[in-house]
Amino acid sequence: MMEELKEFWPLLLAIGILLIFSAFFSMSETALISLSKIRLRHLLAKGTKNAKLVYALLSNPDRLITSILVGNNIVNTAISVLIAFVLIHIYGKDVGMILATIIGATILVVFGEIIPKVFAIQRSEKTSLKIAVPLKFVLAVLAPIARVFYGLGSGIIKVFGGEAKRGPLITEEEIRLMIELGKEEGVLGDEERKMLHKIFEFGDTLVSEVMVPKEKIIAVDIDASSEELLNLLVEEGHARIPAYKGSIDNIEGIIYARDLLYIWQNKGLVIIPDLLHPSYFVPKNKRVSDLLKDFQRMRIQMAIVVDEKKRTAGLITLEDLTEEIVGEIDESIE
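Structure below.
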């Protein structure tokens, strides 16, 4: 048999080369798809060699997978044909076809699929960085053929009501899953896990869900005496309270406790209007994430929430927003 195989050494060499390409395609697909998106961002930030190219390849995963599958199928088909050709010439049509099916399938599964894919999963980062350059060249060669198959596949998907479109590099669901895995593996504590989940919920929360309702607002009448104001601040332990004129629906401004104490110590007599800071009014349907940006930009820590008729609906502070993530905070410690 060895003597007979020697006659086909050019074909055997071609089979070996094609098998290397088969392993390359399988390894590339597995390495790139299993590469952590967060880790890739880290590599980009570090300026790691070929990281930008890997990112570019993954920026359109549908086309990437289509091109790799087209290349892999072309190579695997060629391997099967060559193996069948050699074995049929040696053993005849009937026996040769049976042997070609068994041997060809075994070689492709073991050396073209299992070994390269297992290797790529175990070393997805290093493999992705190393195969990026040669893969870019191979995909450029395959581009005309892959474009046809991609268009055909996209058309079929649309017929069945789907849509072939590019998704985000990393989704909220993937991050949430990583948080849960971190908790299960002991990397994150239970409180850290809850806090991270609250960050996602924070962006969808409305001011009306977090605010102190109108009936629970601690405020002072602008005509109250300085003693009444001081007693209220001491009794409630707040660092700031709103001041109204006549009705809580008519907020005139915000009083800071530190201003009251400073003026009292230096001037003696305190007149509430002299202590007022401008009020910031926000609608009930404003997102708390947007309000937090306003607080940071304006360097304030309290807002008055109003309804559609511009009447006071509630009050919200920076502490309220922070508590949505980290839990209860004692404002009096300020």
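Quick note, in the working numbering, the sequence shown goes up one by one and the last residue is 364.
Even for Gly, the Cβ is constructed at its ideal location relative to N, Cα and C.
- [ ] Thinking A81 and L73 are a contact (beta carbons under 8 Å), I'd like their distance in whole angstroms, please.
- [x] 4 Å
TODO: Work out the CA separation of L42 and I120 for me, nearest whole Å.
DONE: 13 Å
Open item on the list: What would DSSP say about V217, mapped onto helix, strand or coil?
Closed with: coil
Open item on the list: Can you tell me whether N315 is helix, strand or coil according to DSSP?
Closed with: coil
Open item on the list: Measuring straight from C-alpha to C-alpha, what distance separates E59 and I186?
Closed with: 23 Å
Open item on the list: According to DSSP, simplified to helix, strand and coil, what is Y310?
Closed with: coil
- [ ] Determine the extent of the alpha helix (DSSP H) in which D124 is found, giving its start and end residues.
- [x] 123-139
Task: Cα-Cα separation, I355 to A343 - done: 23 Å
Open item on the list: Quick test of the definition: if touching needs 3 or more C-beta pairs under 8 Å, does the segment 318-333 touch the segment 253-266?
Closed with: Taking one beta carbon from each stretch, the segment 318-333 and the segment 253-266 have fewer than 3 pairs nearer than 8 Å; the two do not touch.
Open item on the list: Please report the straight-line C-alpha distance between E143 and N103, rounded to a whole angstrom.
Closed with: 12 Å
TODO: Note down the Cα distance separating G216 from K228, rounded to an integer number of angstroms.
DONE: 19 Å
Open item on the list: I'd like the list of long-range same chain contacts for M332, defined as Cβ closer than 6 Å, with 5 residues on each side in sequence excluded.
Closed with: Only residues of its own chain outside the window of five on either side were considered, and among them R270, I284, T347 have a CB closer than 6 Å to the CB of M332, listed in chain order.
TODO: Spatial neighbours of S238 within its chain, please: CB distance less than 6 Å, with the 5 preceding and 5 following residues excluded, ordered by chain position.
DONE: K314.
- [ ] Check M8 in the structure and name its three-state DSSP category.
- [x] In this structure the chain extends from 31 to 364, so residue 8 is not present and cannot be described.
Open item on the list: Between which two residues does the beta strand (DSSP E) holding T342 run?
Closed with: 342-347
TODO: Return helix, strand or coil for K79, following the three-state DSSP convention.
DONE: coil
- [ ] May I ask you to list the residues that DSSP assigns as paired with S277?
- [x] K275
Task: Rounded straight-line distance, which links the Cα of V125 to that of P174 - done: Each residue's alpha carbon lies about 38 Å from the other.
Open item on the list: So for G233, helix, strand or coil by DSSP?
Closed with: coil
Task: Contacting residues, own chain, Cβ-Cβ under 6 Å from I161 (five flanking each side not counted) - done: S58
- [ ] May I ask you to verify whether the segment 46-53 touches the segment 103-112, counting CB pairs closer than 8 Å and requiring at least 3?
- [x] yes
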